[in-house]
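Engineer: Before I ask anything, let me first share the structure, which is written out below as C-alpha cells.
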Amino acid sequence: MINSASGDDLSAGQQRILEELRDENLVLRDYVQTMGYLPLAGEIPLDSLLQQIVETAGRLLKARYAALGVFDDDAKVARFFVAGFDAESFSAGLPFPRGEGLLGYIVKERRIVRVARIREHPASVGFPAGHPTMTSFLGGPIEHNGVIYGNLYLTDRVGGTEFSAADEELLAIFARQSAMAIENAKRFDRLQVERSSLEAIFDSLRDAVFTTDLDDRIVRLNRRASEWAGGTAVGQTVKSVFDLVDGLSTPISTEGEAVTAEESTLVLRDGRRIPVEHVMSPIRDAGGRVLGTVQVLRDLRPQREVEQLKANIISLVSHELRTPLSHIKGYASTMLQPDVQWDAATQRDFIAGIDRQADRLARLISDLLEVSRLDAGGAARLDRAAVAPQSLVERGIRQASATTGDRQITATFGPDVPLVYADPSHIERVLTNLIENAAKYSNEGQPIQISVVADGDEVIFAVEDRGPGLTAEEQSHLFERFYRSPRVKHRTPGTGLGLAICQEIIHAHEGRIWAENSEGRGAVFRFSLPRFPHL
Amino acid sequence: MENCGRIVVVSDDSELGTLIALNLRRRGHTVAHVVLTQEALPTRPPPPERPALIVLDLEAPEGLHPARLRSLLDEPWASGVPVLVAVEDSRRLIEEIGPSVTMIPRADDIGAIVAEARAFFASADSDRPMV
Numbered sequence: 000m001i002n003s004a005s006g007d008d009l010s011a012g013q014q015r016i017l018e019e020l021r022d023e024n025l026v027l028r029d030y031v032q033t034m035g036y037l038p039l040a041g042e043i044p045l046d047s048l049l050q051q052i053v054e055t056a057g058r059l060l061k062a063r064y065a066a067l068g069v070f071d072d073d074a075k076v077a078r079f080f081v082a083g084f085d086a087e088s089f090s091a092g093l094p095f096p097r098g099e100g101l102l103g104y105i106v107k108e109r110r111i112v113r114v115a116r117i118r119e120h121p122a123s124v125g126f127p128a129g130h131p132t133m134t135s136f137l138g139g140p141i142e143h144n145g146v147i148y149g150n151l152y153l154t155d156r157v158g159g160t161e162f163s164a165a166d167e168e169l170l171a172i173f174a175r176q177s178a179m180a181i182e183n184a185k186r187f188d189r190l191q192v193e194r195s196s197l198e199a200i201f202d203s204l205r206d207a208v209f210t211t212d213l214d215d216r217i218v219r220l221n222r223r224a225s226e227w228a229g230g231t232a233v234g235q236t237v238k239s240v241f242d243l244v245d246g247l248s249t250p251i252s253t254e255g256e257a258v259t260a261e262e263s264t265l266v267l268r269d270g271r272r273i274p275v276e277h278v279m280s281p282i283r284d285a286g287g288r289v290l291g292t293v294q295v296l297r298d299l300r301p302q303r304e305v306e307q308l309k310a311n312i313i314s315l316v317s318h319e320l321r322t323p324l325s326h327i328k329g330y331a332s333t334m335l336q337p338d339v340q341w342d343a344a345t346q347r348d349f350i351a352g353i354d355r356q357a358d359r360l361a362r363l364i365s366d367l368l369e370v371s372r373l374d375a376g377g378a379a380r381l382d383r384a385a386v387a388p389q390s391l392v393e394r395g396i397r398q399a400s401a402t403t404g405d406r407q408i409t410a411t412f413g414p415d416v417p418l419v420y421a422d423p424s425h426i427e428r429v430l431t432n433l434i435e436n437a438a439k440y441s442n443e444g445q446p447i448q449i450s451v452v453a454d455g456d457e458v459i460f461a462v463e464d465r466g467p468g469l470t471a472e473e474q475s476h477l478f479e480r481f482y483r484s485p486r487v488k489h490r491t492p493g494t495g496l497g498l499a500i501c502q503e504i505i506h507a508h509e510g511r512i513w514a515e516n517s518e519g520r521g522a523v524f525r526f527s528l529p530r531f532p533h534l
Numbered sequence: 000m001e002n003c004g005r006i007v008v009v010s011d012d013s014e015l016g017t018l019i020a021l022n023l024r025r026r027g028h029t030v031a032h033v034v035l036t037q038e039a040l041p042t043r044p045p046p047p048e049r050p051a052l053i054v055l056d057l058e059a060p061e062g063l064h065p066a067r068l069r070s071l072l073d074e075p076w077a078s079g080v081p082v083l084v085a086v087e088d089s090r091r092l093i094e095e096i097g098p099s100v101t102m103i104p105r106a107d108d109i110g111a112i113v114a115e116a117r118a119f120f121a122s123a124d125s126d127r128p129m130v
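From first to last, the protein sequence lines are chains A and B.
Residue numbering for the first sequence is 0 to 534, as defined by numbering that gives the first Met the number 0.
Residue numbering for the second sequence is 0 to 130, as defined by numbering that gives the first Met the number 0.
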C-alpha cells in the first residue's frame with residue numbers, strides 16, 4: 000500500500016530527497032523534450048540551435064558554466080557559444096582554446112574527459128587572467144558518423160560535487176543527439192542556400208518557367224511567367240492562364256518523355272503576340288511516377304531579331320555588292336554590243352563609269368575588311384604620333400574629293416590648335432567618311448564646313464553639312480553597324496558601316512564621336528582626339 | 000524592218016536607267032526615262048505620250064512599296080501597257096503588279112533587255128499580252 004504524505008509530514012532528510020527527486024524529474028523532462036526535438040531541429044537557425052545546445056547541456060548536467068566550441072573546416076575552434084558566463088565579459092576577455100590546455104587536449108583526443116579538479120589534469124595549463132575559477136570538468140566531442148562538429152565543455156557541477164559516470168554517459172548521448180541536430184541544421188542551411196540560388200536563377204530567366212500538377216494546374220512560376228500570366232496564376236489551369244496557339248497540351252503522357260513545340264505563339268492579355276518554343280518535361284518521384292510537369296515558354300524574340308538582323312545584313316551587303324557590279328556589267332556589255340558603235344567620248348564616259356563603280360566596290364570590300372580587322376583588335380595596333388590637325392583635314396578632303404567633286408569645302412582652325420596624338424591613316428579615314436557622308440546626304444552645290452578647335456585636353460573636329468538634318472531615331476542609331484536610315488536607305492547607296500568604323504577608330508584613340516543637328520540647317524558630326532603630349 | 004516603238008524606262012537607279020535608255024535609243028527607239036524613288040513618284044514628269052512598252056529595271060525592289068509601283072503603272076500613260084521586268088527576284092513584284100508582264104532574269108545584262116525589247120516589237124501584234 001502506498002501512503003501519500005504532505006510536505007509537513009516528512010522529515011528534513013526525506014524533504015531533501017523529495018526535492019532532489021523533483022529536480023531530477025525536471026531534468027529528465029527537459030532531457031526528454033530536448034532529445035525529442037534536437038534531431039529534428041532542421042528549421043531552427045544554426046546559431047540559435049548551437050546556443051540552445053550549450054544552455055541545455057548546462058542545465059542537464061548541472062554545470063555552472065557551459066561552453067560549446069564550434070569547429071571550422073580545419074577542425075579548429077572557430078566560434079564559441081556559452082552559458083553561465085557573463086556574455087559581455089566572455090566575448091571581451093576570454094580567448095579561444097589554443098590547443099595547449101585541457102580544452103585543446105579534448106580537441107586532439109576526440110573523447111570525453113572527466114576530471115574532479117581541472118588544475119590536476121596533466122594537460123591543464125591554468126586559466127587566463129580574468130577567467131572565472133573552475134574546478135570540476137566534463138567535456139567531449141559532438142560527433143556523429145565520424146564527423147566532429149565541435150566540443151562541449153562543462154565545468155563546476157552545481158552543488159560542489161564532481162561530475163559522475165552517469166553524467167559522462169548522459170553527455171555522450173546528448174552530444175550524439177546534438178551532432179545529429181547540427182548536421183540536420185547545416186543540411187537545412189545548405190538546402191536553404193541552394194533553394195535561394197535556384198529561385199534566383201529561376202526568377203532571372205528570360206524565359207517563362209512554371210510547374211504544374213497532373214490536373215494541369217499551375218503550382219509555381221517564375222517572374223517572367225507571372226509577368227506573362229498578367230494576374231493570378233497559381234492554382235489555375237495552364238489553358239486558362241496562357242493563351243498558346245499551336246502549343247502543347249497536357250496531360251503529359253505517362254511515359255513522361257519531354258516534348259517540344261518549336262513554333263508556338265503566346266497571346267498575352269493585352270493582345271501582344273510572342274513567338275515561343277514550348278517545352279514540357281515530366282517531374283517524377285523517386286519511383287519514377289510522373290507527378291506533374293515543368294514547362295518552359297522560351298522567348299524566341301531575341302533569336303528572331305538576330306535572324307532578321309542577319310538577313311538584313313546579307314540583303315544589304317549583297318545589294319551593295321550587286322549594284323556596282325550591275326553598273327560595271329552594264330557599261331561593259333553596252334560597249335561590247337556588236338550592232339552599235341560608240342564614239343570615243345561616250346566610250347570614255349562608260350569607262351569612267353566602270354572606274355567609279357569599281358571604286359565603290361573596292362570601298363565596300365575595304366569597309367568590310369576594316370570591320371573585320373577592328374573586331375580582331377586591329378584598333379589596338381594604332382601607330383600613333385604627334386600630328387597637326389591641319390594636315391589630317393587636308394588629307395581627308397583630298398581623299399574624299401572623288402565623292403565631293405566641285406562642292407565647296409571650307410576648313411577653319413581655332414587659335415592655337417595643338418598637335419593631336421593620333422594614327423594619321425585612321426583619322427584620315429574618319430574625316431574622309433564624314434566628308435563623304437556630308438556630301439551624300441546634302442544636295443549638290445551645298446557647302447561642307449570643317450572646323451577644328453582646342454577644348455581643354457582635347458581637340459574637337461566638326462564636319463557640318465546643309466542637308467535635311469537628323470531625326471531623333473537616326474541620332475540614336477547612327478553609329479550602329481549596318482544601320483541605314485529609313486529615309487535614305489533606298490535611294491542612297493551604302494552599307495551602314497562607315498560611321499560604325501569611325502566610332503571604333505575614335506574610341507580606340509580614347510576620343511568621342513557624336514552627331515547633332517546644326518543651329519542653322521543640316522547635321523554636324525563631331526569627334527575629339529587627345530592633344531599631344533598624351534598623358 | 001524593225002518596229003522601233005516608244006519605250007519608257009522606269010528605274011530605281013538613275014545611272015543604270017540612263018544606260019538602258021541610251022542603248023535602246025541607239026536601236027532607234029524613242030525612250031523616256033522615269034527614275035523611281037521611295038519618296039516621290041515619279042521624280043520627272045510622266046512622258047507626254049503613251050508608250051508601247053515599259054521597261055521596269057529595279058535594283059532594290061525590296062525597298063519599293065508595291066502600292067507605289069502599282070500606282071505608277073495605273074497612271075493613264077502607263078495603264079495597260081506591257082511591262083518588261085528586269086529584276087533579280089520578280090516573283091513578289093509580279094504578284095503585286097499583275098500578270099501582264101514578262102520577266103528578264105538577267106537583270107544586269109543590258110544586252111538581254113535590248114534583245115527582249117527587239118523581240119517584243121518584232122512580233123506581229125504588239126498589243127498581245129506578254130505573260
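All C-beta atoms in this analysis are idealised placements derived from N, C-alpha and C, irrespective of residue type, glycine included.
(1) Can you list, in chain order, the residues of its chain with a C-beta nearer than 7 Å to that of Phe70 (chain A)? Leave out the 5 residues immediately preceding and following it.
(2) For the pair the region 457-466 of chain A and the region 518-533 of chain A, tell me if three or more CB-CB distances fall below 8 Å.
(3) Can you give me, in chain order, the residues of the region 332-344 of chain A that have a beta carbon less than 7 Å from any beta carbon in chain B?
(4) How should Asp176 (chain A) be labelled, buried or exposed, when 16 other C-beta atoms within 10 angstroms of its C-beta is the threshold for buried?
(5) Residues of chain A with a CB under 8 Å from the CB of Ala114 (chain B): which are they?
(6) Under 8 Å between C-beta atoms, does Gly110 (chain B) make it to chain A?
(7) At what residues does the alpha helix (DSSP H) containing Gln191 (chain A) begin and finish?
(8) Quick check on Gly125 (chain A): does DSSP put it in helix, strand or coil?
(9) Along the chain, where does the alpha helix (DSSP H) that runs through His476 (chain A) open and close?
(10) Taking Cβ-Cβ distances shorter than 7 Å, what residues in chain A pair up with Glu58 (chain B)?
(11) What first and last residue would you give for the alpha helix (DSSP H) that runs through His32 (chain B)?
(12) Using a Cβ-Cβ cut-off of 8 Å, state whether Gly404 (chain A) counts as contacting chain B.
(13) With distances taken Cα to Cα, identify the nearest neighbour of Ser332 (chain A) among B:Leu83, B:Ala121, B:Asn22, B:Leu68.
(14) Please say whether Ala421 (chain A) and His508 (chain A) have beta carbons closer to each other than 8 Å?
(15) As a quick exercise: from B:Asp11, B:Leu15, B:Glu94, B:Val54, pick the residue whose alpha carbon is nearest that of Arg117 (chain B).
(16) If contact means a Cβ-Cβ distance below 9 Å, which residues of the region 2-33 of chain B contact chain A?
(17) In chain order, what residues of the region 309-321 of chain A put their CB closer than 8 Å to some CB of chain C?
(18) Can you tell me where the beta strand (DSSP E) with Val69 (chain A) in it begins and where it stops?
(19) At a CB distance below 7 Å, what residues from the region 462-478 of chain A approach chain B? Give them in sequence order.
(20) Ordered along the chain, which non-local residues of its own chain (more than five positions away) have a Cβ less than 8 Å from that of Leu308 (chain A)?
(21) Do Asp108 (chain B) and Glu58 (chain B) have their C-beta atoms closer together than 8 Å?
(22) Could you name the residues of the same chain whose beta carbon sits closer than 6 Å to that of Glu142 (chain A), not counting the 5 residues immediately before and after it, in chain order?
(23) Can you tell me which of the three DSSP states Val9 (chain B) falls into?
(24) Where do the ends of the beta strand (DSSP E) carrying Val157 (chain A) lie?
(25) Residues of chain B with CB closer than 8 Å to the CB of Tyr330 (chain A), please, in chain order.
(26) For Pro274 (chain A), list the residues DSSP reports as bridge partners.
(27) Looking only at its own chain, which residues have a Cβ that is under 7 Å from the Cβ of Glu161 (chain A), when we skip the five neighbours before and after it?
(28) Near Trp341 (chain A), which residues of its chain fall below 8 Å by C-beta distance, leaving aside the five closest residues on each side in sequence?
(29) Going by DSSP in three states, Ile43 (chain A) sits in which element: helix, strand or coil?
(30) Identify every run of the beta strand (DSSP E) within the region 418-467 of chain A, keeping only runs that are complete inside it and at least 3 residues long; order them along the chain.
(31) Pick out whichever of A:Leu151, A:Asp212, A:Ser390 has its Cα sitting closest to the Cα of Ile449 (chain A).
(32) Using the Cα positions of Arg321 (chain A) and Glu306 (chain A), report the straight-line distance between them to the nearest angstrom.
(33) Taking 8 Å as the CB-CB cut-off, is Gly413 (chain A) touching chain B?
(34) Taking CB distances under 8 Å as the criterion, tell me whether Gly352 (chain A) reaches chain B.
(35) Keeping to the same chain, check which residues put their C-beta closer than 7 Å to that of Asn516 (chain A); ignore five residues upstream and five downstream.
(36) Answer yes if the region 398-405 of chain A comes into contact with the region 431-449 of chain A, meaning at least three C-beta pairs across the two stretches below 8 Å, and no otherwise.
Structural biologist: On the basis of the coordinates in this document:
(1) Val76, Ala77, Ile147, Tyr148, Gly149
(2) yes
(3) Ser332, Thr333, Gln336, Val339
(4) In the sequence as displayed, the identity of residue 176 (chain A) is Gln instead of Asp. With 16 or more Cβ atoms within 10 Å of its Cβ, Gln176 (chain A) is classed as buried.
(5) Per Cβ cutoff of 8 Å: no residues; Ala114 (chain B) is ~10 Å from chain A at best.
(6) yes
(7) 164-203
(8) coil
(9) 471-476
(10) Thr322, Ser325
(11) Element bounds for His32 (chain B): not the alpha helix (DSSP H) but the beta strand (DSSP E), 29-34.
(12) no
(13) B:Asn22
(14) yes
(15) B:Val54
(16) Asp11, Asp12, Glu14, Leu15, Leu18, Ile19, Leu21, Asn22, Arg25, Arg26
(17) Given the protein chain composition of this structure (A and B), no chain C is represented.
(18) 62-70
(19) none
(20) Phe481
(21) no
(22) Ala178
(23) strand
(24) Where Val157 (chain A) is concerned, there is no enclosing beta strand (DSSP E), given that its DSSP letter is neither H nor E.
(25) Leu18
(26) A:Thr264
(27) Ala115, Ser135
(28) Thr333, Met334, Phe349
(29) coil
(30) 419-421, 447-454, 457-463
(31) A:Ser390
(32) 22 Å
(33) no
(34) yes
(35) Gly468, Leu469, Ala522
(36) yes
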